[in-house]
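Residue numbers (the UniProt record's numbering): 1 to 125.
Have a look at the structure below before the remarks.
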């Protein structure tokens, strides 16, 4: 990725105890994503791609149009924040992925979402 098209993605996950049911192997997590354009050219988010992995090694692959029904358009220095959710069958898992972006100069590029951990409280030390 060149410096003119550069997107930074940060994730903050939270366990949602009220929607989870450990007896049924259902662990629900919310995650807040902040997407920041630190490049030189405005860009629009077109698609998302996620790999959600539980501690049994089961991978859910998710592809879709935009995020939460939106296609955020970010000028240099602007951020977009949203919250979504995921459900896995184990108390610990990971998520990672990327966003397909389209910049005003016509380039398509990928903005990587670094792997982050989904974990119920007091599970990891």
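C-beta: ideal position from N, C-alpha, C; glycine also.
Bounding residues of the beta strand (DSSP E) (the contiguous stretch that carries residue i)
| i | result |
| --- | --- |
| residue 68 | Element bounds for residue 68: n/a, residue is neither H nor E. |
| residue 88 | 79-88 |
| residue 93 | 92-103 |
| residue 115 | 108-119 |
Rounded C-alpha distance that separates residue i from residue j
| i | j | result |
| --- | --- | --- |
| residue 8 | residue 106 | 19 angstroms |
| residue 30 | residue 11 | 10 angstroms |
| residue 1 | residue 80 | Any reading at residue 1 must be qualified, since the residue scores a pLDDT of 48, below 50, and its modelled position is unreliable; the value itself is stated next. Going by the C-alpha atoms only, they are around 20 angstroms apart. |
| residue 71 | residue 39 | 18 angstroms |
| residue 120 | residue 110 | 30 angstroms |
| residue 104 | residue 5 | 10 angstroms |
| residue 24 | residue 32 | 25 angstroms |
| residue 125 | residue 99 | Residue placement at residue 125 is flagged as unreliable, the pLDDT there being 49, under the threshold of 50; a coordinate-derived value is accordingly withheld. |
| residue 18 | residue 118 | 16 angstroms |
| residue 108 | residue 102 | 5 angstroms |
DSSP beta-bridge partners of residue i
| i | result |
| --- | --- |
| residue 63 | 49 |
| residue 13 | 31 |
| residue 21 | 26 |
Proximity to residue i [Cα-Cα], best of the options
| i | options | result |
| --- | --- | --- |
| residue 116 | 86, 104 and 102 | 86 |
| residue 27 | 94, 114, 73 and 99 | 94 |
| residue 77 | 41, 17, 19 and 13 | 41 |
| residue 63 | 51, 74 and 73 | 51 |
| residue 15 | 97, 83 and 35 | 83 |
| residue 35 | 108, 122, 73 and 118 | 73 |
Give a yes or no on contact between the region 48-65 and the region 89-102, applying the rule of three or more CB pairs nearer than 8 angstroms.
yes
Looking at C-beta atoms only, is the number of pairs between the region 61-78 and the region 42-51 that lie closer than 8 angstroms three or more?
yes
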